[in-house]
Amino acid sequence: MCGIVGYAGRRTAVDIVVDGLRRLEYRGYDSAGVAVVGDGELLTEKRAGKLAVLRAALADGALDAGTTGIGHTRWATHGGPTDRNAHPHLSSDNRIAVIHNGIIENFARLRAVLEADGVEFTSDTDTEVVAHLLASIDAPLPEAMRRVSRQLEGAFTLLAVSADNPDMVVGARRNSPLVVGRGDGENFLASDVSAFIAYTREAIELGQDQVVVITPSSIEIIDFAGVPMTGTDFHIDWDLKAAEKGGFDHFMLKEIADQPQAIADTLLGRLTDHGIALDEVRISDQDLRDVTKVFIVACGTAYHSGMVAKYAIEHWTRIPCEVELASEFRYRDPILDSSTLVIAISQSGETMDTLMALRHAKQQKARVLAICNTNGSTIPRESDAVLYTHGGPEIAVASTKAFLTQLVACYLLGLYLAQVRGIMYADEVGAVVRQLQQTPDLLRDLLDQMDPVRKLSRDLSSARQVLFIGRHVGYPVALEGALKLKELAYMHAEGFAAGELKHGPIALIDDDTPVICVVPSPVGNAMMRDKVVSNIQEVRARGARTIVIAEEGDEGVRAYADDLIFVPRVPTLLAPLMTTVPLQILACEIATARGYDVDQPRNLAKSVTVE
Ligand code: G6P
Numbered sequence: 001m002c003g004i005v006g007y008a009g010r011r012t013a014v015d016i017v018v019d020g021l022r023r024l025e026y027r028g029y030d031s032a033g034v035a036v037v038g039d040g041e042l043l044t045e046k047r048a049g050k051l052a053v054l055r056a057a058l059a060d061g062a063l064d065a066g067t068t069g070i071g072h073t074r075w076a077t078h079g080g081p082t083d084r085n086a087h088p089h090l091s092s093d094n095r096i097a098v099i100h101n102g103i104i105e106n107f108a109r110l111r112a113v114l115e116a117d118g119v120e121f122t123s124d125t126d127t128e129v130v131a132h133l134l135a136s137i138d139a140p141l142p143e144a145m146r147r148v149s150r151q152l153e154g155a156f157t158l159l160a161v162s163a164d165n166p167d168m169v170v171g172a173r174r175n176s177p178l179v180v181g182r183g184d185g186e187n188f189l190a191s192d193v194s195a196f197i198a199y200t201r202e203a204i205e206l207g208q209d210q211v212v213v214i215t216p217s218s219i220e221i222i223d224f225a226g227v228p229m230t231g232t233d234f235h236i237d238w239d240l241k242a243a244e245k246g247g248f249d250h251f252m253l254k255e256i257a258d259q260p261q262a263i264a265d266t267l268l269g270r271l272t273d274h275g276i277a278l279d280e281v282r283i284s285d286q287d288l289r290d291v292t293k294v295f296i297v298a299c300g301t302a303y304h305s306g307m308v309a310k311y312a313i314e315h316w317t318r319i320p321c322e323v324e325l326a327s328e329f330r331y332r333d334p335i336l337d338s339s340t341l342v343i344a345i346s347q348s349g350e351t352m353d354t355l356m357a358l359r360h361a362k363q364q365k366a367r368v369l370a371i372c373n374t375n376g377s378t379i380p381r382e383s384d385a386v387l388y389t390h391g392g393p394e395i396a397v398a399s400t401k402a403f404l405t406q407l408v409a410c411y412l413l414g415l416y417l418a419q420v421r422g423i424m425y426a427d428e429v430g431a432v433v434r435q436l437q438q439t440p441d442l443l444r445d446l447l448d449q450m451d452p453v454r455k456l457s458r459d460l461s462s463a464r465q466v467l468f469i470g471r472h473v474g475y476p477v478a479l480e481g482a483l484k485l486k487e488l489a490y491m492h493a494e495g496f497a498a499g500e501l502k503h504g505p506i507a508l509i510d511d512d513t514p515v516i517c518v519v520p521s522p523v524g525n526a527m528m529r530d531k532v533v534s535n536i537q538e539v540r541a542r543g544a545r546t547i548v549i550a551e552e553g554d555e556g557v558r559a560y561a562d563d564l565i566f567v568p569r570v571p572t573l574l575a576p577l578m579t580t581v582p583l584q585i586l587a588c589e590i591a592t593a594r595g596y597d598v599d600q601p602r603n604l605a606k607s608v609t610v611e
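Residue numbering for the sequence shown follows my numbering, beginning at 1 and increasing consecutively.
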């Protein structure tokens, strides 16, 4: 949360920085600001509200002179979303400007010391202490940044520019993301690569507790102790078009439409003559054979993909598997040792709750495998093995294509474990992968048939609440459908295990309560399907309006459905790849009908880098 960009080059810095902020706005949109170094002085502009407000303020071209600059888009933590709390924050002499992502936990103590020395603060943020501390050190900016960073506790990525160093942006990171973009006569710093892929595809991963200094012609990295370091180079192969709306009204609609391709890309090249291949596995086959327990840790939508993964992993590998909210995991002192495999699922690779769960697992000697969409991010870097979802950039705050690609990655991982442990033969693994390979085409067909869902969403947009029910892998789909509706349409929405409804939540149902029912395949699991149909009858008997998502050909459910949406037939475990999609569209369309910003829902941030 909070997006940051830095530029040192020969072009107009404010243009590059604001363009980068546009791509990072998903990380927060409470305020935005920029600082450039021009003609021996700092020029800044910052405004509460979305980037558009800042853009309007910049229209007079007052900041166009500088070719070195930094920019920030904020998700407020310390201090309300006001102009004065917007970043950058300046030293008292206006010579140094700082932007920050993260939380400086000891800021109050540092601030008290500075105030006792007569420093006047102009904001309520934790960040401002950094500007004053930097100004208090009589040393070049990189050295000052190194010394200040050592005084800070918590999580931070900092970027600073100084009027005295017109060609230089200095960054520092601990527990928060920062990547370097290596250009030709220009260099970049950003929270993630999407901010600079329009200019360069060559990037550098930084390690923990490092300071980086960019000028138009150089990139230097030192650690907080002052020792020179080298980052890890990587090439970005994301298609720039993937980070644009491409004719759709919202990124979310585009990302929903991108899903067949995202799944195909995630599957590409995974099935070799020797079975499934993962990206980076630094865990030996023997260690994987010795695994006695799997934990999956994740947050939000990624957590729901983990819930689906549990069914697949236990079914295919027979290893007990538990799914945990990452934010809860370490606090209950889970039983972990070197025979435990912990799977961390994260689109961004930066979610602090997930990162902390992963670190706890590593301290307890567990093996950690990441499923992640973002190259160069912290979670894969700190894991023993990585399986990348090749979903491309996901910009809309509510996750869609990341969810489906996480499901695919989880299926691949389950199959991989089964293969390594000798539970499934290569041809059995191959057969499931081929079923997965058919899903992009099936999904394209499904996406072409979504007009009734759009029509339905207009009907449902005035509902007081919407409930979702499902069983087995349909249960996490129900939770995900409800989450999408909460996030986007700000409606009361709850997902329930269909069989659990009668034990309490059924009391919520009154006349015309819409209940969205995810029905299992009558071919794949007739018994389970019949149980869900019974649960549908229970809610109908209490006046609910039932909207049924069922498999093509299941004509038997028609009698229990006020509205019926068919999805293509796939094996039971793979069904969430189909059944989730109408729920994504429903939430997106209801939110639009209610007049809300689909890509940037209130109070949320896409990447939550605080606990
Ligand atoms: C935030 C986002 C959610 C996302 C969750 C986990 O809360 O708003 O959409 O599912 O973080 O993010 P991750 O990047 O770890 O998948």
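Every residue, glycine too, gets a C-beta built ideally from N, C-alpha and C.
- Between Ala550 and Phe566, the C-beta gap is smaller than 8 Å, which places the two residues in contact.
- The region 458-472 and the region 486-494 touch, with no fewer than 3 CB-CB distances between them shorter than 8 Å.
- Where Ile536 is concerned, the enclosing alpha helix (DSSP H) starts and stops at 526-540.
- Collapsing the DSSP output to three states places Gly185 in coil.
- DSSP places Val342 in the strand class (E or B) of the three-state scheme.
- Its chain contains Ser305, Val308, Pro576, Leu577 as the residues whose beta carbon lies nearer than 7 Å to that of Leu407, once the 5 sequence neighbours on both sides are disregarded; these appear in chain order.
- A distance below 6 Å between beta-carbons, with the five flanking residues on each side excluded, links Gly231 to the following residues of its chain, in chain order: Ile204, Glu205, Leu206, Ile221.
- DSSP, read as helix, strand or coil, puts Tyr560 in helix.
- Ala97 and Ile343 have their C-alpha atoms spaced approximately 40 Å apart.
- The three-state reading of DSSP puts Arg111 in helix, counting H, G and I together.
- Judged by pairs of C-beta atoms under 8 Å, the region 177-189 does not touch the region 256-276, as fewer than three such pairs exist.
- Under the 8 Å Cβ criterion, the region 7-22 does not count as touching the region 79-88, having fewer than three qualifying pairs.
- In summary, Pro228 is exposed, with fewer than 16 beta-carbon neighbours lying within 10 Å of its beta-carbon over all protein chains present.
- In this structure, Leu63 and Gly33 do not form a Cβ contact; the two beta carbons are roughly 11 Å apart against a cut-off of 8 Å.
- Judged by DSSP secondary structure, Gly20 falls within the alpha helix (DSSP H) whose first and last residues are 13-24.
- Residues Val14, Val18, Val34, Glu45 of the same chain have their beta carbon placed closer than 8 Å to that of Leu58, with the five preceding and five following residues left out of the count.
- Note that the region 269-289 does not touch the region 312-325; fewer than 3 beta-carbon pairs, one per stretch, sit closer than 8 Å.
- About 5 Å separates the Cβ atoms of Val211 and Ala172, confirming a contact at the 8 Å cut-off.
- Exclusion of the five residues before and after Gly391 leaves Ala262, Asn373, Lys401, Ala402, Thr405 as the residues of its chain whose Cβ lies within less than 6 Å of its Cβ.
- Here Arg47 is bridged, per DSSP, to Ala32.
- Proximity of the beta carbon of Gly300 to the ligand G6P is indicated: a heavy atom of the ligand is located closer than 7 Å.
- Counting every other CB atom within 10 Å of its CB across the protein chains shown gives Arg471 a total of 16 or more, marking it as buried.
- Ranking Tyr26, Lys531, Ala8, Asp117 by CA distance to the CA of Thr67 puts Ala8 first.
- Pro522 counts as buried, since at least 16 other C-beta atoms from the protein chains shown sit within 10 angstroms of its C-beta.
- Rounded to the nearest angstrom, the Cβ distance from Leu446 to Val581 is 6 Å, consistent with a contact under 8 Å.
- Sequence-distant partners of Glu25 (beyond 5 residues in either direction) whose C-beta falls short of 6 Å from its own C-beta, in its chain, are Leu51, Thr73.
- In the three-state reduction of the DSSP assignment, Lys401 falls in the helix class, which pools H, G and I.
- At a Cβ-Cβ threshold of 8 Å, Val518 and Val477 count as neighbours.
- His72 sits in a strand when the DSSP states are folded into three classes.
- Boundaries around Lys293 are those of the beta strand (DSSP E), 293-298, since no alpha helix (DSSP H) includes it.
- A check of alpha carbon separations from Ile345 across Thr301, Ile536, Ser461, Asp83 identifies Thr301 as the nearest.
- In the structure shown, Gly481 falls within a helical segment according to DSSP collapsed to helix, strand and coil.
- Distance check between Leu189 and each of Ala163, Pro216, Pro166 places Pro216 closest, using alpha-carbon atoms only.
- Per DSSP, Thr215 is one residue of the beta strand (DSSP E) stretching across 210-215.
- By the CB criterion at 8 Å, Ser377 and Glu350 fall inside the cutoff.
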